[in-house]
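So in the numbering used here the end of the sequence shown lands on 164, straight run, no missing numbers. We put the beta carbon where it would ideally sit given N, CA and C, even for glycine. Just so it is clear, the structure is predicted and the values come from calculations on it, not from any experiment. To start, the structure itself, in structure tokens.
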Amino acid sequence: MMKKLIVSIVAMLAVPAMTMAAGFELPAVTEALPGTTVEIPISAVGSPANIQGVDLNLESDAALVFVGVTFDTGVFAGNYTPPNVHVEPPYLIASTTTNSGTVALPGVIATITLNVPDGTAEGDYFVRTFVPDYEVVSDFADDAIPPEFQGAGVVRVVPEPATALLLLAAGAFLRRRHS
């Protein structure tokens, strides 16, 4: 009897620890070539409760240009209102609403599209679901999501394959001879 009681108490204590606060997640790194567009999924993570919509407040490095956002209507169980989207580089603000009590399952809720302009230098450029300079975060229809549960990722701009081959070829000619 005592053994069952201890197991029950341990199980009751473990359940709250297994649930995580709701938040957003982006892939850690997405590779892209200059002159292309890249699509980046935004996922709901943790245990989103009943929500009435999503407000995305996104910021990217100035070298990247937001093209738009597509909300995954399959995530929301109820009605879906076409999103209100405003793009003003380096920011994208988008929101959509659903029926009261709609549940967002953990998973992809939206996909953002970014343009990597021609001539963008090789390197890492940030994308995030919050704007720290203005203290603005993304949320589930005014259900505040703390900064530590906001998503951030990197768009890694890589050289075009032809450029990489030229660099390798040049490296062969620049090798020093040792006697």
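query	result
Give the straight-line distance between the Cα atoms of E24 and I97, rounded to the nearest whole angstrom.	6 angstroms
Under DSSP, the beta strand (DSSP E) around L99 begins and ends at which residues?	92 to 101
Spatial neighbours of Y76 within its chain, please: CB distance less than 6 angstroms, with the 5 preceding and 5 following residues excluded, ordered by chain position.	E44
Pick helix, strand or coil for P132, following the three-state DSSP scheme.	helix
Report back the beta-carbon spacing between V101 and L49 to the nearest angstrom; my notes put them in contact at under 8 angstroms.	6 angstroms
Near G53, which residues of its chain fall below 6 angstroms by C-beta distance, leaving aside the five closest residues on each side in sequence?	T98
Determine the direct distance from the alpha carbon of S32 to that of E73, and round the result to whole angstroms.	31 angstroms
F56: which of T21, V93, Q37 sits nearest, CA to CA?	V93
What does a CB cutoff of less than 7 angstroms around P146 pick up in its chain, not counting 5 residues either side in sequence?	none
Taking the beta strand (DSSP E) that Y119 falls in, what are its first and last residues?	Unbroken run through Y119: none, as it is neither H nor E.
How is P146 classed by DSSP in three states: helix, strand or coil?	helix
Nearest by alpha-carbon distance to A137: which of A126, G104, P117, P144 is it?	P117
Strictly by DSSP, which residues pair up with G104?	None, per the DSSP bridge assignment.
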